[in-house]
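Visitor:
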Amino acid sequence: SEGQGNLTNREHIDILKQQADSLVRYLLFADEAEFPKKGLPGDRPYADDFLAGKRPDKKGRSLRDLNLKDRMFEYRCSYMIYSDLFQSLPPVFKNHVYRRLGEALEPATGGRDYAFLSNAERTAIREILRDTLTDLPAGW
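Note that this note's numbering has the sequence shown beginning at 85, numbered continuously upward.
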């Protein structure tokens, strides 16, 4: 937009943080539509084909594991985190996303924005990501 070139470094950083926070909300299905009370019927051939692309952690869990009872996925973090598009994000931006994702998944301090995730699910997602992503920041 007009005047965009006049943003200060601080304003650029704030915009970057807002965009990263939005992406974390997307990755964690924060705005997932409510599921039908009876869940969704499964289609075994589709599920098998879908699961063929999974990246399991050391315990055999993956971000592609379907739930279909009260939500789409068993572990609510989008498997799109493995996509070429996500992996090719600028490192500064991607590292901020990883930092915010790590904060959101911290069982003790994840914040009310992610209260829909139980501590057990947060821990499982963290473990899956640690086992399946090679570029997480140190200490993640």
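Beta carbons: idealized from backbone N, C-alpha and C, even for Gly.
1) Under 7 angstroms Cβ to Cβ from Ala192, same chain only, skipping five residues before and after it: list those, please.
2) Give every residue of the same chain whose Cβ lies closer than 7 angstroms to the Cβ of Val108, excluding the five residues on either side of it in the sequence, and list them in chain order.
3) Between Phe170 and Arg148, is the Cβ-Cβ spacing less than 8 angstroms?
4) Please name the residue or residues paired with Phe157 in a DSSP beta bridge.
5) What are the complete alpha helix (DSSP H) segments, minimum 4 residues, inside the stretch 158-201?
6) Hey, Glu118 and Met156 are a contact pair by Cβ (cut 8 angstroms); roughly how many whole angstroms apart?
Guide: The relevant details are as follows:
1) none
2) Val181, Arg184, Leu185, Ala188
3) no
4) Leu150
5) 168-171, 175-188
6) Their Cβ separation, rounded to whole angstroms, is 11 angstroms, which puts Glu118 and Met156 out of contact at 8 angstroms.
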